[in-house]
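Residue numbers (this note's numbering), protein chains in the order written: chain A, 25 to 537; chain B, 2 to 256. Every residue, glycine too, gets a C-beta built ideally from N, C-alpha and C.
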Amino acid sequence: MSTNEKTPVKNVSKVSKNATSNKKHKNERAHQLKIYAVGSVLILLAIILLANVLLDKVLGNALTFDFSVQNSNVISDASVQFLDSLPQDAKIRIVGLFERPSSFYETKYQYIVPLLDDYQKKSNGKVTVEYVDITKNPGIIQQLDPTNSYNLKTLTGWYVVSYNGKLDVIDPVSCYTIDTDMLNETNSFIATGINTEYTFTNSMMSLVKGFTNKAYFVTGLKENGSTQFKRLLNGMGVEAVDLAVSSGFKVPADCNLLILNGPNSDITEAMYSEIKAYVEKGGKVIISVDYSADNVNEAFPNLNRLLNDMNIIVEHSMVSENDPSYMLNSKINDSQADVTDMFSEFSSEKKMHITLARPLSLTAALNSNYTTDAVLVTSKSATKSVADENNQAKQIDSNPGKINVAMRTAYNTDKPGEVYVFSTVNFTSDVYYEQFTLSDRNADFMKSCVRSMLPTSAQYNINIPVKRLDGNRLNDNKATTSAGTTVMIVFMIVLPVILSSMAVIVYNKRKNL
Amino acid sequence: MQAIFKREFLSYFRTPVGYVAMAIFTFISGFIFYTQFASGYVSISQEIITLRALFIVIVPIITMSMFAEDRRRGTEILYYTSPIEMFSVVAGKFLAAMALYFVMFINVFIHMIVVKACGGTVDAGVIGSILVFFFLAALFISIGLLASVLTDNMIISAIVAFLFILVTQLLSVIGNYCGTAVSTIMSYMGIAASTRTAANNAVSGFIGWFDPFTKTEDFSLGLFSVSALVFCISFALFFLYLSFRILEKKRWSQK
């Protein structure tokens, strides 16, 4: 009995023991599974992070390949050779005066940031690229430009190239060539080519090799700023310095190019003699004047006397363009002028932008010591006007015809002096280049003028062809307005409506199930 | 996995979800394409880049019902009780969503044909953009799938996926804000400006490093970076594995 009574108790105790053991076993298993699950996730995360960091930081550059059509994001052999030719201890610093953009696609930095990274990558430490926000770190301005020559605080978004204390500044927009027709017609910037490598490599070259020529800007004639033109010259390896007007005006002996940029008052008697002598000794001069509110009453008698000796007359009036195909924004005083055949190699563009130009003409009695040619001429419908008392253009010449707006005159000797006269300041003024940038057609033309006068600068200029960007342009004959309408109807109306209808049909069918 | 993939892919077309997602994608891509076409300049890369912003809308729509719908219909138990690998279920559903993305993308392929026919170009930048589009799609779909695994409710799943993707898309901005915040706090503590700037850059750089958009933006320029693709695919695998582990836990904790 006692055994019979004892047996169930024993069994219950056994079952209970087993249940407890199972539960304990299950708990242990669940605990192990949990540890396994959490542990495996953490280990996987650690492996992924480590692998990505290693791949990104160590092999990132080596495992990046440029498949772009024109290798727009890698520097060409010409730049690589230039970098290789630098001494091993050369340190060129490129500083973007802004934070490195986290996203630069479809911005002006699109074809600059990756290319600069490539400079750094291929320079073996000779070139460093950094981005510094000058609002967060204003000390960088003092560090780069202690004398504040470039007023860097106004150049946010630009690049500074620095070498041994010498500086060059680069506007990102100048790294592109621009569709000038679109700019004139719609005032919108459409990039047609990439000039980034040309701009940066030549900037570095100018800084490393030093300036090969020196241009003097005459100041003190109520002229407007020349900062942009000076930058253009710096980019070509030409040092630009000011030369103040004084009673004892002398052209310095080291002057390779003398520039009178938009004077609003006449030159002095001393300047007349000095510049004439300078040209006759083989000097090179660029003169630009216009017919603006600042000089509407100025006839420039001394300047004219100087130029008359060289067969050129700067008239005291304004060119009025009457041909609508030459006019810009339907204005008579803001138009285009043709490049003459003789100077057609100066630019791929056949027309230049002129504003408030004075007519230039040949003197009645030509000085045979000078050979004088037209550089830019208006259409055959241009006339001459003057400003009336209300500052409105009043026509003074009813006979339309071609009018010169830029001329070149050369002194006929073994070492010919040369003078370019522009009767518009669109090739030299800050106002123009601040609006249209240094990649404008006028800037290209001016560079050619300077090159033609200072040929030695060419040897320090690496020619890197512009990489065209017109791949996205559709064929105008195929991408017509009606084709556009068809695209809109098919892709924005027909297909979405069909798909939406399908969604409604499926929804109704399922609702009724 | 094949059966799951087939069932899941076809289910997009047995419910309005697939059609709605495709209609939205078609309309917006059509709008971008038409705008460019009308200007005379068409950049397919630019179109694809813009379409990447649609992940935030399309991915939650596609992924919200992945597991939540099964739970609602009670078919979820089949996954737990059938002798199939849970990872096959996750992978099958993931691949089905990818396939739907591919179907949607046919639209862009048609745009490319139109561009070629009209004298435009389809260059390496376009190929790079397409490649990146699908790698990013893989990353975001895996995030959406994880959101669907985490919750029982479709709407909550969509919202969680939306927030996950939103944060991922804003990582660079968040990084900059965090960097500035750290710098500001340090300035209150009187720490030197150079140290503050370094800390600012370090924090924003660290957070920004996780931004998949920044890593992959060079592809549209024709610059192909293997590390960016590895980043996308490895984190996609991580999120898929995380989803798999959560489902495994649910399977073993079934009573």
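Cβ of residue i within 7 angstroms of any chain B Cβ
i        : result
A:Ser481 : Confidence at A:Ser481 is low in this model, with a pLDDT of 46, below 50, so the placement of that residue should be treated as unreliable; the coordinate-derived value is given next. For A:Ser481, the answer is no, since every Cβ of chain B falls outside 7 angstroms of its Cβ.
A:Gly508 : yes
A:Asn532 : no
A:Ser524 : yes
A:Ala268 : no
A:Thr88  : yes
A:Ile67  : no
A:Asp80  : yes
A:Ile99  : no
A:Val313 : no
A:Ile164 : no
A:Asn496 : yes
CA-to-CA distance, residue j to residue i, given in whole angstroms
i        : j        : result
A:Glu298 : A:Asp141 : 49 angstroms
B:Phe239 : B:Phe32  : 35 angstroms
A:Leu176 : A:Val313 : 29 angstroms
A:Thr452 : B:Tyr42  : 33 angstroms
B:Glu249 : A:Leu74  : 26 angstroms
A:Val232 : A:Ile427 : 44 angstroms
A:Ile214 : A:Ile202 : 6 angstroms
A:Ser506 : B:Ser221 : 30 angstroms
A:Met25  : B:Val150 : Residue confidence is low: A:Met25 scores 42 on pLDDT, short of 50, so the model does not pin down where it sits. No coordinate-derived value is stated.
A:Gly425 : A:Ile378 : 17 angstroms
B:Arg197 : A:Ile158 : 15 angstroms
B:Val109 : B:Arg15  : 24 angstroms
A:Ser198 : A:Pro125 : 18 angstroms
B:Thr82  : B:Ile247 : 16 angstroms
Opening and closing residue of the alpha helix (DSSP H) in which residue i lies
i        : result
B:Thr215 : Pro213 to Thr217
B:Arg246 : Val227 to Trp253
A:Ile136 : Where A:Ile136 is concerned, there is no enclosing alpha helix (DSSP H), given that its DSSP letter is neither H nor E.
A:Gln360 : That residue, A:Gln360, is in no alpha helix (DSSP H); its beta strand (DSSP E) goes Lys355 to Val363.
A:Ile158 : No alpha helix (DSSP H) contains A:Ile158, which DSSP labels as neither H nor E.
A:Ala527 : Leu519 to Lys535
B:Leu132 : Ala125 to Leu151
A:Glu458 : Asp454 to Phe460
First through last residue of the beta strand (DSSP E) which encompasses residue i
i        : result
A:Gln419 : Ala417 to Gly425
A:Asp266 : Val262 to Ala268
A:Gly217 : Ala215 to Ile218
A:Thr407 : Ala406 to Ala411
B:Ala193 : Segment: none, B:Ala193 is in no beta strand (DSSP E) and carries neither H nor E.
A:Thr243 : Asn237 to Thr243
A:Phe89  : Thr88 to Asp90
A:Lys116 : For the record, residue 116 of chain A in the displayed sequence is Ile; it is not Lys. First-last of the beta strand (DSSP E) with A:Ile116: Ile116 to Gly120.
A:Ala430 : Asn428 to Tyr435
A:Phe106 : Per DSSP, A:Phe106 belongs to no beta strand (DSSP E); it is in the alpha helix (DSSP H), Asp101 to Ser109.
A:Leu386 : Leu384 to Leu386
7 angstroms Cβ cutoff, residue i in contact with chain A
i        : result
B:Thr27  : yes
B:Cys179 : no
B:Val183 : no
B:Val227 : yes
B:Ala69  : no
B:Pro17  : yes
Backbone secondary structure at residue i - three-state DSSP
i        : result
A:His340 : coil
A:Lys145 : helix
A:Met477 : helix
A:Asn321 : coil
A:Phe128 : coil
B:Ala54  : coil
A:Ser392 : coil
A:Thr17  : Given a span of 25 to 537 for chain A in the structure shown, any question on residue 17 of chain A remains unanswerable.
B:Phe103 : helix
A:Ser403 : coil
A:Ile556 : Coverage of chain A is limited to positions 25 through 537, which leaves residue 556 of chain A absent and any answer about it impossible.
A:Glu52  : helix
A:Met334 : coil
A:Asp80  : helix
A:Ile486 : coil
A:Glu123 : coil
Residue i beta carbon near the ligand ATP (any heavy atom closer than 6 angstroms)
i        : result
B:Ala200 : Here there are no bound small molecules, and the ligand ATP is not part of this structure.
(request) Could you tell me which uninterrupted alpha helix (DSSP H) segments, each at least 4 residues in length, are contained entirely in the region 8-93 of chain B, listed from first to last along the chain? (result) 17-40, 45-53, 56-64, 69-74 and 77-82
(message) My parser needs the beta strand (DSSP E) runs of 3 or more residues fully inside the region 252-317 of chain A; what are they?
(response) 262-268, 281-285 and 308-312
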